[in-house]
Amino acid sequence: MITLKRLNQCTLDEAVRGYNRGFEGYFFDQSKTADSLAHKLGKEELSPVHSLVAFHGQEPIGIVLNGIWNRKGKRIAWNGGTGVAPEYRRQGVGQRLMEETLQIYREQGVDMAALVAIKENSKAISLYERMGFQVVGHSIFLESQEWPDSRSTKENLPYRGEHGIPQDVYRLPFWNEPIWDVQWNTIENREALLIRDEQELVIGYALYRRIYGDNGELSTVLLFDAGAHPERTDADEIIQYALEGVYASCDAENASYHRLTVNLPVSNHRVISALERAAFTKMAEQVFMTLEI
Numbered sequence: 001m002i003t004l005k006r007l008n009q010c011t012l013d014e015a016v017r018g019y020n021r022g023f024e025g026y027f028f029d030q031s032k033t034a035d036s037l038a039h040k041l042g043k044e045e046l047s048p049v050h051s052l053v054a055f056h057g058q059e060p061i062g063i064v065l066n067g068i069w070n071r072k073g074k075r076i077a078w079n080g081g082t083g084v085a086p087e088y089r090r091q092g093v094g095q096r097l098m099e100e101t102l103q104i105y106r107e108q109g110v111d112m113a114a115l116v117a118i119k120e121n122s123k124a125i126s127l128y129e130r131m132g133f134q135v136v137g138h139s140i141f142l143e144s145q146e147w148p149d150s151r152s153t154k155e156n157l158p159y160r161g162e163h164g165i166p167q168d169v170y171r172l173p174f175w176n177e178p179i180w181d182v183q184w185n186t187i188e189n190r191e192a193l194l195i196r197d198e199q200e201l202v203i204g205y206a207l208y209r210r211i212y213g214d215n216g217e218l219s220t221v222l223l224f225d226a227g228a229h230p231e232r233t234d235a236d237e238i239i240q241y242a243l244e245g246v247y248a249s250c251d252a253e254n255a256s257y258h259r260l261t262v263n264l265p266v267s268n269h270r271v272i273s274a275l276e277r278a279a280f281t282k283m284a285e286q287v288f289m290t291l292e293i
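Under the UniProt record's numbering, read the sequence shown as residues 1 to 293, first letter to last.
Now the structure itself:
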């Protein structure tokens with residue numbers, strides 16, 4: 001018989017087993033240890049009280065991780081991952097997890113529920129749609145192990161870069177808040193690069209994060225977004241300058257690191273084109289789905 005328990009009612013080993021079994025054979029390796037699962041819950045503000053583990057008898061066979069946050073006067077629920085063990089898929093376990101999850105959301109006074117799914121994961125998307133979720137946007141993950149040297153071009157442009165914080169970008173009149181903004185508060189150590197023109201006006205930006213390995217060396221740079229003032233006729237050059245500014249500063253630390261975009265909106269054609277010209281390749285696409293409750 002299939003039963004559901006709140007994650008806080010399970011042992012940590014049961015939660016790890018449910019997570020690893022649930023994401024077995026997933027598009028990317030999602031395996032977790034007790035330490036890394038605990039870290040994920042804390043870092044992403046996911047609640048053991050509002051998360052569920054599915055059992056067949058005494059065996060954990062699936063999981064759904066939920067976080068419930070207050071964002072700009074609204075109660076927002078975030079599904080941080082739903083997984084079911086391969087041999088139990090297409091048997092209604094995922095639907096039971098989602099039905100119980102939505103009941104938790106209602107009990108907690110949630111206004112809107114949100115989640116992301118790999119674009120190719122049609123079965124999961126179909127389940128979420130049956131639960132009432134709608135696709136409201138698409139994002140792309142691009143990656144590369146290098147960035148072309150373009151210092152001579154960069155030096156001839158009438159711009160300058162200035163290190164800042166994400167809030168500097170959020171205050172810009174041309175900042176377009178991404179639809180998945182509900183998740184932003186859970187992203188650690190974000191940085192901003194502001195691009196100024198000769199009049200010292202901010203005309204572009206990039207939002208990113210550096211990740212360091214256990215050896216203290218730079219291992220990954222995550223690019224979340226970049227943009228330019230929409231009225232600028234040189235928007236492409238501004239975006240190129242911003243991207244080069246991010247990667248040039250990181251190259252000074254260690255040129256051998258992974259360059260990866262995270263949830264970059266597919267509608268951001270200028271940035272995607274600039275990255276593709278720099279030999280970035282697509283790793284995955286995701287859909288962003290929401291449900292008004």
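Even for Gly, the Cβ is constructed at its ideal location relative to N, Cα and C.
Predicted, not measured: the structure shown is a model, and the values here were computed from it.
Grouping DSSP H, G and I as helix and E and B as strand, with all else coil, what is residue i?
i: residue 298; result: Absent from the model: residue 298. The displayed extent of the chain is 1 to 293, so no value can be given.
i: V110; result: coil
i: L102; result: helix
i: V271; result: helix
i: T281; result: strand
i: V135; result: strand
i: E143; result: strand
i: I118; result: strand
i: I2; result: strand
i: V287; result: strand
i: R160; result: strand
i: S152; result: Only weak support is given to the placement of S152: the predicted model assigns it a pLDDT of 47, under 50, and the question is left unresolved by the model.
i: L7; result: helix
i: R130; result: helix
i: L264; result: strand
i: R17; result: helix
i: E177; result: coil
I need the straight-line Cα distance from residue i to residue j, nearest angstrom please.
i: R277; j: A242; result: 15 Å
i: W175; j: E217; result: 32 Å
i: L97; j: R196; result: 49 Å
i: E146; j: P173; result: 32 Å
i: Y212; j: V262; result: 17 Å
i: S152; j: D251; result: With a pLDDT of only 47 at S152, under 50, the local geometry of the prediction cannot be trusted, and the value read off the model is given with reservation. S152 and D251: Cα-Cα distance of roughly 16 Å.
i: Y247; j: P86; result: 40 Å
i: S219; j: G57; result: 42 Å
i: V84; j: A124; result: 11 Å
i: N20; j: Y26; result: 10 Å
i: R160; j: I238; result: 10 Å
i: Q30; j: A38; result: 14 Å
i: H229; j: P60; result: 51 Å
i: S144; j: K119; result: 21 Å
i: L127; j: R90; result: 10 Å
i: L12; j: R130; result: 31 Å
i: F133; j: R232; result: 37 Å
i: E24; j: Q95; result: 18 Å
i: N121; j: S249; result: 36 Å
i: Q108; j: V202; result: 41 Å
i: R171; j: L291; result: 28 Å
Report, in whole angstroms, the separation of the C-beta atoms of residue i and residue j, which I expect to be a contact under 8 Å.
i: K32; j: V16; result: 6 Å
i: V221; j: Y208; result: 6 Å
i: G62; j: G22; result: 4 Å
i: V136; j: F288; result: 6 Å
i: A192; j: P166; result: 5 Å
i: I2; j: V93; result: 6 Å
i: V53; j: I140; result: Contact doesn't hold; Cβ gap of about 32 Å is too wide.
i: L102; j: M283; result: No, L102 and M283 are not in contact; Cβ-Cβ is about 31 Å, not under 8 Å.
i: D236; j: L194; result: Actually they are not in contact, since the Cβ atoms of D236 and L194 sit about 18 Å apart, beyond 8 Å.
i: W69; j: E100; result: Rounded, the Cβ-Cβ distance is 20 Å, inconsistent with contact.
i: S51; j: R6; result: 7 Å
If we cut at 9 Å on Cβ distances, does residue i have a partner in chain B?
i: I63; result: Among the protein chains of the structure shown there is no chain B, as only one such chain exists.
- What are the complete beta strand (DSSP E) segments, minimum 3 residues, inside the region 194–262? Counting only runs of 3 or more, we get 202–212, 218–228 and 258–261.
- Query: Does the pairing of the region 114–125 with the region 70–84 give three or more beta-carbon distances under 8 Å?
  - Reply: Yes, they touch.
- Should the region 215–231 be called in touch with the region 262–282, which here means at least 3 C-beta pairs below 8 Å? Contact between the region 215–231 and the region 262–282 is established, with three or more Cβ pairs separated by less than 8 Å.
- If you pair each beta-carbon of the region 64–75 with each one of the region 258–267, do three or more pairs fall below 8 Å? Output reads no: the region 258–267 does not touch the region 64–75.
- What are the start and end residues of each continuous beta strand (DSSP E) run of 3 or more residues lying completely inside the region 22–95, in chain order? For the region 22–95, the full-length beta strand (DSSP E) segments reaching 3 residues or more read 47–56, 59–71 and 74–84 along the chain.
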